[in-house]
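Working notes, structure below.
Number of protein chains: 2
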Amino acid sequence: MRYNSILKSAVFCLSTAFLLAVGTAIPAAAQDVPDLQTPKPPLVLDAQGSFVVGGEEIAAAAGDLGQGAAPGHITINQMYVEYMIPHGATKVPVVMVHGGGLSGKSFQTTPDGRMGWNEYFVREGHPVYNVDQVSRARSGFNPTVFNKVRAGLLPPAALPNISRTSDEAAWQNFRFGPSFGVPWPDEQFPVEHAADFSKQGIPDLNAILTPPAPPALSSIDSYKVLSDLAIKLKGAVLMGHSESSDFPLKAVLTNSTGIKGAIFLETTVPTRCLQFTDQEIAKLATVPILFEFNDHLNQQPAGVLASFHNCKALIAKINAAGGNATMLHPAELGIHGNSHMVMLDKNNLQIADLILKWMDENVEAETAEK
Amino acid sequence: MRYNSILKSAVFCLSTAFLLAVGTAIPAAAQDVPDLQTPKPPLVLDAQGSFVVGGEEIAAAAGDLGQGAAPGHITINQMYVEYMIPHGATKVPVVMVHGGGLSGKSFQTTPDGRMGWNEYFVREGHPVYNVDQVSRARSGFNPTVFNKVRAGLLPPAALPNISRTSDEAAWQNFRFGPSFGVPWPDEQFPVEHAADFSKQGIPDLNAILTPPAPPALSSIDSYKVLSDLAIKLKGAVLMGHSESSDFPLKAVLTNSTGIKGAIFLETTVPTRCLQFTDQEIAKLATVPILFEFNDHLNQQPAGVLASFHNCKALIAKINAAGGNATMLHPAELGIHGNSHMVMLDKNNLQIADLILKWMDENVEAETAEK
Numbered sequence: 144m145r146y147n148s149i150l151k152s153a154v155f156c157l158s159t160a161f162l163l164a165v166g167t168a169i170p171a172a173a174q175d176v177p178d179l180q181t182p183k184p185p186l187v188l189d190a191q192g193s194f195v196v197g198g199e200e201i202a203a204a205a206g207d208l209g210q211g212a213a214p215g216h217i218t219i220n221q222m223y224v225e226y227m228i229p230h231g232a233t234k235v236p237v238v239m240v241h242g243g244g245l246s247g248k249s250f251q252t253t254p255d256g257r258m259g260w261n262e263y264f265v266r267e268g269h270p271v272y273n274v275d276q277v278s279r280a281r282s283g284f285n286p287t288v289f290n291k292v293r294a295g296l297l298p299p300a301a302l303p304n305i306s307r308t309s310d311e312a313a314w315q316n317f318r319f320g321p322s323f324g325v326p327w328p329d330e331q332f333p334v335e336h337a338a339d340f341s342k343q344g345i346p347d348l349n350a351i352l353t354p355p356a357p358p359a360l361s362s363i364d365s366y367k368v369l370s371d372l373a374i375k376l377k378g379a380v381l382m383g384h385s386e387s388s389d390f391p392l393k394a395v396l397t398n399s400t401g402i403k404g405a406i407f408l409e410t411t412v413p414t415r416c417l418q419f420t421d422q423e424i425a426k427l428a429t430v431p432i433l434f435e436f437n438d439h440l441n442q443q444p445a446g447v448l449a450s451f452h453n454c455k456a457l458i459a460k461i462n463a464a465g466g467n468a469t470m471l472h473p474a475e476l477g478i479h480g481n482s483h484m485v486m487l488d489k490n491n492l493q494i495a496d497l498i499l500k501w502m503d504e505n506v507e508a509e510t511a512e513k
Numbered sequence: 144m145r146y147n148s149i150l151k152s153a154v155f156c157l158s159t160a161f162l163l164a165v166g167t168a169i170p171a172a173a174q175d176v177p178d179l180q181t182p183k184p185p186l187v188l189d190a191q192g193s194f195v196v197g198g199e200e201i202a203a204a205a206g207d208l209g210q211g212a213a214p215g216h217i218t219i220n221q222m223y224v225e226y227m228i229p230h231g232a233t234k235v236p237v238v239m240v241h242g243g244g245l246s247g248k249s250f251q252t253t254p255d256g257r258m259g260w261n262e263y264f265v266r267e268g269h270p271v272y273n274v275d276q277v278s279r280a281r282s283g284f285n286p287t288v289f290n291k292v293r294a295g296l297l298p299p300a301a302l303p304n305i306s307r308t309s310d311e312a313a314w315q316n317f318r319f320g321p322s323f324g325v326p327w328p329d330e331q332f333p334v335e336h337a338a339d340f341s342k343q344g345i346p347d348l349n350a351i352l353t354p355p356a357p358p359a360l361s362s363i364d365s366y367k368v369l370s371d372l373a374i375k376l377k378g379a380v381l382m383g384h385s386e387s388s389d390f391p392l393k394a395v396l397t398n399s400t401g402i403k404g405a406i407f408l409e410t411t412v413p414t415r416c417l418q419f420t421d422q423e424i425a426k427l428a429t430v431p432i433l434f435e436f437n438d439h440l441n442q443q444p445a446g447v448l449a450s451f452h453n454c455k456a457l458i459a460k461i462n463a464a465g466g467n468a469t470m471l472h473p474a475e476l477g478i479h480g481n482s483h484m485v486m487l488d489k490n491n492l493q494i495a496d497l498i499l500k501w502m503d504e505n506v507e508a509e510t511a512e513k
């Protein structure tokens with residue numbers, strides 16, 4: 144029996160107490176400090192902290208680093224990593240990578256104050272490394288193009304597109320319900336705290352990493368940063384979500400040395416599971432891979448159902464090549480109403496248990512055999 | 144005897160082992176996972192996690208949230224807060240606010256892998272709330288002006304200035320040494336890991352919070368977010384550093400209800416302690432305030448020595464108004480070589496002890512009396 148069982152009653156009674164009937168606007172229940180739950184027992188950590196990996200030094204011209212700034216050097220394309228190592232950890236480290244328009248906040252406390260996956264995986268014995276994607280949040284971004292455009296040295300078209308998910312787009316694309324403000328009857332996302340989820344959305348600058356004109360710098364490479372991190376950790380499972388869902392697979396193709404397993408959570412982009420060549424599929428067959436898709440796939444947004452089927456086809460190809468790939472679709476197990484933001488759903492720990500079980504059976508067991 | 148004493152030997156022997164003679168370029172010792180220290184005993188937390196406070200909803204037009212994006216609503220000006228609550232905490236919560244071109248990473252693990260102030264204050268019994276400033280890192284920023292300029296709807300001059308501290312500017316302004324690559328003989332900053340410090344620098348978008356043209360939105364107000372947070376926490380000490388050094392004082396002026404103490408760490412801006420009216424000084428006199436300045440004040444950068452003296456004059460005025468303001472200048476206590484980035488210095492825990500002692504004597508004692 145997992146730790147989950149101990150928590151379940153406390154977790155569910157609080158969240159359901161706040162579940163209000165909602166209308167056609169985003170619910171306004173504001174998160175407050177008393178919403179933050181205090182799970183028992185205390186969390187005992189052998190270590191916690193943060194570091195920054197990857198990155199390259201560039202020379203910036205006068206003004207590139209702000210109005211009137213002298214020329215100088217800065218680091219760009221680095222990746223911030225925060226970690227918690229449970230007391231007496233024996234299980235494989237897990238690296239968590241958030242999705243588009245979000246940060247490492249995604250795997251922390253939920254918008255309604257429940258335990259995030261980062262702490263839960265730690266409580267289950269896994270060291271957890273939670274990152275901010277390259278060019279996002281605490282990883283920073285390269286400011287030089289913005290200052291050059293501001294100074295008239297580059298045209299406005301040189302600016303990267305900056306994407307920020309609106310509350311309305313989140314409701315539809317993250318599958319909170321059929322129309323803005325209306326949840327699915329079985330919805331697991333804590334929609335009464337949608338306004339708090341809106342606060343953890345941030346601008347997505349990934350477009351800056353793929354400049355339209357060459358040369359693209361080789362180290363602008365989130366995949367290499369991740370495969371390098373797995374090596375530094377002497378073995379890790381990589382978990383990607385949505386925008387980063389295929390980062391773990393790309394990291395396997397870059398350098399699989401440190402990668403003990405790859406977890407692909409929820410993409411709504413149907414081409415993402417179609418992009419691999421037979422040669423690449425042969426390489427993907429060397430690492431245990433879990434794909435995970437949640438509920439309401441046949442309703443919206445366009446593409447998610449096709450994506451689910453395309454990933455199933457990829458799984459078949461990986462397994463035909465001798466690999467170990469699995470689809471976890473909770474709805475097939477009778478667990479309904481999970482959203483795209485499954486790590487924040489009300490039953491987030493129930494879904495985590497399924498992933499932990501997969502790691503126990505496919506990663507820990509395999510490592511033990513070797 | 145503080146926990147510091149237990150750690151001292153382990154902490155110092157590792158850092159000095161890495162201290163290499165450096166030349167005229169930024170030292171290249173790259174941080175790696177083995178650099179990360181594992182303090183004993185394990186850290187026992189009653190709770191840890193994150194939440195987001197403040198913010199306001201705005202309506203974005205088509206294209207404002209990215210090329211082709213539909214109109215919709217987003218939240219801006221919110222503030223990300225991460226927290227750790229030690230087991231059996233009895234001491235006053237501390238809110239830590241980082242400085243310019245940096246994020247909450249400043250109070251975490253040092254660039255050479257030692258314990259950050261956030262964990263140390265927790266180990267000393269204080270709940271710690273470490274934030275990303277409004278418009279920075281995990282707090283996000285308002286992307287609409289960037290997308291409008293890119294689309295040609297606003298002129299390039301509408302872009303906010305984005306400031307990023309170069310390695311060279313950091314060396315001088317953060318008082319690592321007399322010239323780039325050369326440390327002061329008694330320098331406490333871990334200069335052998337300056338390249339790792341470079342990786343935690345990020346773009347500073349504070350200029351976006353003070354648009355040149357009115358109306359400035361009232362809730363674009365880091366001070367109010369902080370004073371509100373102190374109330375939510377039912378009392379807290381606010382600590383600001385450098386760019387945010389005066390945020391705790393401004394928060395006192397906004398609403399002192401929840402503020403049990405204010406800590407002003409290191410500003411190089413001489414006007415910052417000159418900005419308060421007599422009426423405001425009378426209000427500052429209602430809260431215990433600690434000012435802290437480090438070493439090499441008479442050398443560089445220009446302004447820091449004047450700032451030190453101006454803050455001493457402010458202290459005298461606050462105390463003349465019946466307040467309790469103190470200057471902590473470790474050099475006067477025989478502790479030399481501390482930098483602007485004191486929370487990352489090799490003796491960061493020694494300086495933390497002085498701050499903790501001030502809190503014990505001026506905040507905890509005062510609270511106990513009431």
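Residue numbers (my numbering), protein chains in the order written: chain P, 144 to 513; chain C, 144 to 513.
Built from N, CA and C at the ideal position, the CB exists for glycine as well.
Residue range of the beta strand (DSSP E) that includes residue i
{"i": "C:M550", "result": "The structure shown has nothing for residue 550 of chain C, since chain C only spans 144 to 513."}
{"i": "P:T414", "result": "From DSSP, P:T414 is part of no beta strand (DSSP E); its letter is neither H nor E."}
{"i": "P:S193", "result": "186 to 203"}
{"i": "C:D496", "result": "Note, C:D496: premise wrong, no beta strand (DSSP E); alpha helix (DSSP H) at 491 to 502."}
{"i": "C:I305", "result": "C:I305 -> no beta strand (DSSP E), and no H or E assigned at all."}
{"i": "P:E435", "result": "432 to 435"}
{"i": "P:L471", "result": "468 to 471"}
{"i": "P:N273", "result": "271 to 275"}
Proximity below 8 Å, CB of residue i to CB of residue j
{"i": "C:L186", "j": "P:L497", "result": "no"}
{"i": "P:I305", "j": "C:N290", "result": "yes"}
{"i": "P:I406", "j": "P:P391", "result": "yes"}
{"i": "P:Q343", "j": "P:L245", "result": "yes"}
{"i": "P:N349", "j": "P:S370", "result": "no"}
{"i": "P:Y223", "j": "P:S249", "result": "no"}
{"i": "C:M258", "j": "C:P182", "result": "yes"}
Extent of the continuous alpha helix (DSSP H) run through residue i
{"i": "C:F264", "result": "260 to 266"}
{"i": "C:E225", "result": "From DSSP, C:E225 is part of no alpha helix (DSSP H) but of the beta strand (DSSP E) over 215 to 229."}
{"i": "P:V395", "result": "390 to 397"}
{"i": "C:V540", "result": "Coverage of chain C is limited to positions 144 through 513, which leaves residue 540 of chain C absent and any answer about it impossible."}
{"i": "C:N453", "result": "447 to 463"}
{"i": "C:N316", "result": "310 to 316"}
Sequence-distant residues of the same chain with beta carbon closer than 7 Å to residue i, five excluded per side
{"i": "C:V447", "result": "T411, L440"}
{"i": "P:A514", "result": "The structure shown does not extend to residue 514 of chain P, since chain P is modelled only from 144 to 513, so the question has no answer here."}
{"i": "C:A515", "result": "Given that chain C is displayed from residue 144 to residue 513, the structure contains no residue 515 of chain C and the question cannot be resolved."}
{"i": "C:H472", "result": "F436"}
Proximal residues to residue i (C-beta, below 6 Å), its chain only, five neighbours per side dropped
{"i": "C:L360", "result": "Per-residue confidence for C:L360 stands at a pLDDT of 43, beneath the threshold of 50, marking its modelled position as unreliable; the derived number appears in the next sentence. No residues qualify anywhere along the chain."}
{"i": "C:A495", "result": "W260, Y263"}
{"i": "P:V240", "result": "V274, G383, S387, F390"}
{"i": "C:I432", "result": "A405, A468"}
{"i": "C:I149", "result": "In this prediction, C:I149 scores a pLDDT of 43, lower than 50, which makes its location untrustworthy; the coordinate-derived value is nonetheless stated afterwards. Around C:I149: no qualifying Cβ."}
Beta-carbon proximity list for residue i, same chain, < 8 Å, skipping 5 on both sides
{"i": "C:A294", "result": "G206, Q210"}
{"i": "P:A379", "result": "V235, P236, V237, V238, Y272, L372, A373, G401, I402, K403"}
{"i": "P:P321", "result": "W327, Q442, Q443"}
Interface residues of chain A facing residue i [CB-CB closer than 7 Å]
{"i": "C:P299", "result": "Of the protein chains in this structure, namely P and C, none is chain A."}
Members of the region 245 to 273 of chain C that neighbour chain P once the beta carbon cut-off is set at 8 Å:
S246, G247, K248, Q251, T252, G256, M258, G259, E262
Assess contact between the region 260 to 275 of chain P and the region 412 to 427 of chain P, defined as three or more Cβ pairs (one per stretch) separated by less than 8 Å. Is contact present?
no
Under 8 Å: do the region 327 to 334 of chain P and the region 481 to 498 of chain P share three or more Cβ pairs, one atom per stretch?
yes
Check whether the region 247 to 263 of chain P and the region 190 to 198 of chain P are in contact - that is, three or more C-beta pairs closer than 8 Å.
no
Under 8 Å, with one C-beta from each stretch per pair, do the region 463 to 472 of chain C and the region 421 to 432 of chain C reach the 3-pair mark?
yes
Please name the residues in the region 416 to 435 of chain P whose beta-carbon is closer than 7 Å to at least one beta-carbon of chain C, in chain order.
none
Are three or more beta carbon pairs between the region 450 to 460 of chain C and the region 294 to 309 of chain C nearer than 8 Å?
no
Taking contact to mean 3 or more Cβ pairs, one atom from each stretch, closer than 8 Å, check whether the region 394 to 409 of chain C and the region 379 to 386 of chain C are in contact.
yes
Check whether the region 277 to 290 of chain C and the region 278 to 290 of chain P are in contact - that is, three or more C-beta pairs closer than 8 Å.
yes
Counting only Cβ-Cβ distances shorter than 8 Å, please list the residues of the region 380 to 399 of chain C near chain P, keeping chain order.
none
Counting only Cβ-Cβ distances shorter than 7 Å, please list the residues of the region 278 to 295 of chain C near chain P, keeping chain order.
A280, R281, G283, F284, P286, F289, N290, V292, R293, G295
Beta carbons nearer than 7 Å to chain C: which residues of the region 182 to 199 of chain P have them?
P185, L186, V187, L188, D189, A190, Q191, G192, S193, F194, V195, G198
Identify each residue in the region 319 to 335 of chain P for which the Cβ-Cβ distance to at least one residue of chain C is less than 8 Å, and report them in chain order.
none
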